[in-house]
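So the structure is just underneath, and the comments pick up after that.
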Amino acid sequence: MPKRVPAKKKSRFILPPPAPIPERTCWIESDAYDRAAYAKLREDSPSLREIEESGGALVPRFDSLLLDLFCAVFKHNVVFFPEEMVLPSAALNRVLLAGLHQGDLAQLLREATVLDEGKAGLATVLLGEGALSLLKAEKPLTRRDLLDLWNLQKQEETVQEKISEANNAKDIAKELADQGDSSRSDLSKETKALLEQAANKLASEARAEETRLRQQAKQLRDDLARVQQEAETRFRGEALKVARNLDEAAQEAESWSRALGGGDSKSAPGRQIELGKHLAGNEKLKKLAQMVGRMKDHALALRRKIFERTNEEMFEVGMGSEVSRLLPHELLTLNHPVLRKDFARRFVDNELLLYSLRGIEEKGKGPVVVCLDGSSSMMGDKEIWAKALTLTLLEIARRQRRMFRVLCFSSAETPLQTFDLNPRERYGVDMGTVMKLAEYFPGGGTDFEMPLNAALDCLRQARFKRGDIVFITDGECQVSPEWANNFRADKEAMGFSLFSILIDVGSNSLGPLKEFSDKITTVSRLTSDGVKDLFVKL
Numbered sequence: 002m003p004k005r006v007p008a009k010k011k012s013r014f015i016l017p018p019p020a021p022i023p024e025r026t027c028w029i030e031s032d033a034y035d036r037a038a039y040a041k042l043r044e045d046s047p048s049l050r051e052i053e054e055s056g057g058a059l060v061p062r063f064d065s066l067l068l069d070l071f072c073a074v075f076k077h078n079v080v081f082f083p084e085e086m087v088l089p090s091a092a093l094n095r096v097l098l099a100g101l102h103q104g105d106l107a108q109l110l111r112e113a114t115v116l117d118e119g120k121a122g123l124a125t126v127l128l129g130e131g132a133l134s135l136l137k138a139e140k141p142l143t144r145r146d147l148l149d150l151w152n153l154q155k156q157e158e159t160v161q162e163k164i165s166e167a168n169n170a171k172d173i174a175k176e177l178a179d180q181g182d183s184s185r186s187d188l189s190k191e192t193k194a195l196l197e198q199a200a201n202k203l204a205s206e207a208r209a210e211e212t213r214l215r216q217q218a219k220q221l222r223d224d225l226a227r228v229q230q231e232a233e234t235r236f237r238g239e240a241l242k243v244a245r246n247l248d249e250a251a252q253e254a255e256s257w258s259r260a261l262g263g264g265d266s267k268s269a270p271g272r273q274i275e276l277g278k279h280l281a282g283n284e285k286l287k288k289l290a291q292m293v294g295r296m297k298d299h300a301l302a303l304r305r306k307i308f309e310r311t312n313e314e315m316f317e318v319g320m321g322s323e324v325s326r327l328l329p330h331e332l333l334t335l336n337h338p339v340l341r342k343d344f345a346r347r348f349v350d351n352e353l354l355l356y357s358l359r360g361i362e363e364k365g366k367g368p369v370v371v372c373l374d375g376s377s378s379m380m381g382d383k384e385i386w387a388k389a390l391t392l393t394l395l396e397i398a399r400r401q402r403r404m405f406r407v408l409c410f411s412s413a414e415t416p417l418q419t420f421d422l423n424p425r426e427r428y429g430v431d432m433g434t435v436m437k438l439a440e441y442f443p444g445g446g447t448d449f450e451m452p453l454n455a456a457l458d459c460l461r462q463a464r465f466k467r468g469d470i471v472f473i474t475d476g477e478c479q480v481s482p483e484w485a486n487n488f489r490a491d492k493e494a495m496g497f498s499l500f501s502i503l504i505d506v507g508s509n510s511l512g513p514l515k516e517f518s519d520k521i522t523t524v525s526r527l528t529s530d531g532v533k534d535l536f537v538k539l
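Residues 2 to 539 in the numbering used here are what the sequence shown spells out, letter by letter.
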């Protein structure tokens with residue numbers, strides 16, 4: 002008798018959940034290097050983080066837009082993902098990117114930015130600011146359109162959550178069905194049926210939410226299609242401004258960084274972004290940068306010319322690599338075939354024996370405190386000239402390894418602003434603080450006593466002892482006789498010098514400055530010739 006084959010168990014139907022929705026929020030392909038380069042720029046650039054935070058409060062996926070903008074100007078080959086591979090809530094980003102890539106504009110931008118992290122980062126910041134300004138102005142998108150984007154992102158999150166729940170329920174129900182009734186006697190058929198019903202319900206809910214998402218995405222595409230041309234045109238206009246200013250701003254940022262002792266011949270990309278952002282389209286800062294360059298070159302050339310003629314004395318033997326001060330027996334090793342190699346090694350390691358010279362330039366000097374007038378009468382060319390002089394003195398102080406502090410003052414009612422410009426190791430210049438000083442202008446009246454009292458308090462600190470004060474003003478302010486007597490007594494006791502620079506555009510009186518100054522220089526023409534004595538004596 003043939004063996005009876007058991008009947009195949011009838012399987013219950015479990016409704017499959019919808020397919021997962023895309024996870025990408027960026028439209029442009031990027032590799033690990035691109036993302037790492039952008040992450041480093043974001044870490045080093047407060048401006049980039051600030052734009053990302055501001056944009057992220059207005060529309061979803063703004064952080065992805067910034068990464069797309071960076072890749073669009075940085076990558077050698079730009080490849081876009083198809084629409085079905087990107088979340089619908091990033092559709093606005095695609096419209097803006099299309100405006101950037103129309104015509105020759107992208108090529109014009111990319112000529113300066115491809116594979117250059119600093120310039121690409123600066124372009125990203127400027128383009129991000131342009132996009133942010135359009136969103137804040139609600140052009141061309143209205144507040145309702147922006148709200149629709151947020152609702153769409155929320156719907157995407159709901160769909161992803163529902164699909165995940167439905168898949169988990171489906172896996173559990175299928176596992177129980179495959180095990181059969183005998184292996185899980187603790188679960189009745191009714192319980193298994195309830196689990197399958199729950200899985201089917203979750204799958205149905207996921208499908209319903211996914212359908213709702215498709216409807217919202219279609220509505221958004223229709224809305225964007227109506228404003229697409231206007232949005233692309235407006236953003237293309239912002240990008241055109243960036244293209245016009247980018248190269249000049251990047252070059253000025255690099256030259257300013259070098260002029261103020263920013264470090265290597267090529268500054269860090271993060272610093273380049275911050276400097277370039279401030280300089281782009283800012284005529285005042287551009288003019289200041291140009292004046293600093295001219296004044297610094299004049300000051301350093303003057304100091305070299307004078308100190309080369311200064312009598313110096315040899316006072317000890319040290320180590321270094323300056324050939325002009327080598328001991329005679331070190332020069333003899335250059336003619337020896339074996340010792341010549343050792344000479345080369347010690348030259349690289351700064352271990353050659355040489356005379357140490359003592360002269361005016363190598364004499365120990367203390368910090369420099371500059372009191373800078375920020376009253377309303379300084380507005381315009383006088384403000385720019387005074388700040389250029391201040392930054393030139395900063396470069397001299399940096400080379401002499403002297404601390405440098407600026408006290409910006411105006412009326413007695415306006416609080417003093419303190420700027421420590423070289424607080425870093427080896428007296429490196431803090432470019433962020435330099436930018437704050439360059440842009441700060443309080444306006445108002447003039448008060449001499451408050452900044453000079455603050456300068457005295459500064460020189461009483463241990464790290465500012467043996468310093469000097471430079472007082473730059475264009476105004477006249479009476480000081481009380483009692484204050485003047487006390488200030489002169491403190492100056493004599495502490496042993497510092499006070500150099501005053503009076504910008505004499507009108508008929509100002511020297512009387513108040515004579516009350517407390519060691520030397521007063523009157524400047525009638527805003528050039529560096531009038532203050533050349535200060536460049537030498539400071």
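Yeah, the Cβ is synthetic: ideal placement off N, Cα and C, and Gly gets one too.
Residues of its chain near residue i, where Cβ-Cβ distance is below 8 Å and the 5 sequence neighbours each way are ignored
| i | result |
| --- | --- |
| residue 344 | 331, 334, 335 and 353 |
| residue 23 | 85, 86, 87 and 88 |
| residue 318 | 328, 354, 355, 356 and 357 |
Nearest to residue i (by Cα), restricted to the options the options
| i | options | result |
| --- | --- | --- |
| residue 126 | 74, 329 and 95 | 74 |
| residue 555 | 155, 250 and 203 | Here the chain has residues from 2 to 539 only, and residue 555 is not among them. |
| residue 294 | 518, 254 and 322 | 254 |
| residue 420 | 397, 34, 430 and 413 | 430 |
| residue 516 | 505, 525, 523 and 501 | 501 |
| residue 441 | 128, 248 and 384 | 384 |
| residue 76 | 63, 153 and 117 | 117 |
| residue 434 | 31, 231, 395 and 100 | 395 |
| residue 61 | 92, 162 and 31 | 92 |
| residue 323 | 348, 301 and 476 | 348 |
| residue 453 | 437, 498 and 83 | 498 |
| residue 59 | 83, 138 and 221 | 138 |
| residue 484 | 152, 513, 389 and 375 | 513 |
| residue 133 | 321, 416, 409 and 240 | 240 |
| residue 398 | 368, 374, 25 and 373 | 368 |
| residue 423 | 154, 206 and 400 | 400 |
| residue 465 | 381, 414, 402 and 31 | 402 |
Opposing strand residues paired with residue i [DSSP bridges]
| i | result |
| --- | --- |
| residue 419 | 408 |
| residue 320 | 354 |
| residue 520 | 500 |
| residue 374 | 410 |
| residue 344 | For residue 344, which the question treats as bridged, DSSP gives no partner whatsoever. |
| residue 25 | 87 |
| residue 81 | 29 |
| residue 369 | 405 and 469 |
Beta-carbon contacts of residue i that lie in its chain and below 7 Å, excluding the five residues immediately before and after
| i | result |
| --- | --- |
| residue 491 | 457 |
| residue 146 | 224 |
| residue 96 | 225, 229, 232 and 233 |
| residue 63 | 53, 56 and 57 |
| residue 186 | Residue placement at residue 186 is poorly supported in this model, since its pLDDT is 46, which falls under 50; the coordinates are not used for a value here. |
| residue 377 | 444 and 445 |
| residue 106 | 237, 240, 241 and 244 |
| residue 389 | 289, 292, 293 and 296 |
| residue 495 | 460 |
Residues near residue i by beta carbon distance below 6 Å, same chain, minus five either side
| i | result |
| --- | --- |
| residue 392 | 293 |
| residue 112 | none |
| residue 371 | 391, 407 and 471 |
| residue 38 | 118 |
| residue 519 | 498 and 499 |
Residue range of the unbroken beta strand (DSSP E) whose run includes residue i
| i | result |
| --- | --- |
| residue 1 | The chain is shown from 2 up to 539; residue 1 falls before or after that span and cannot be answered. |
Short CB-CB distance (under 8 Å) between residue i and chain B
| i | result |
| --- | --- |
| residue 37 | The structure shown contains no chain B, having only a single protein chain. |
Span of the alpha helix (DSSP H), counted from its first residue to its last, around residue i
| i | result |
| --- | --- |
| residue 385 | 382-400 |
| residue 96 | 92-101 |
| residue 69 | 63-75 |
| residue 434 | 432-440 |
| residue 119 | 118-137 |
| residue 56 | 47-57 |
| residue 332 | 329-333 |
| residue 513 | 512-515 |
| residue 109 | 106-114 |
| query | Where in the stretch 457-487 do unbroken runs of the beta strand (DSSP E), each at least 3 residues long, occur, reported from the N-terminal end onward? | reply | 469-474
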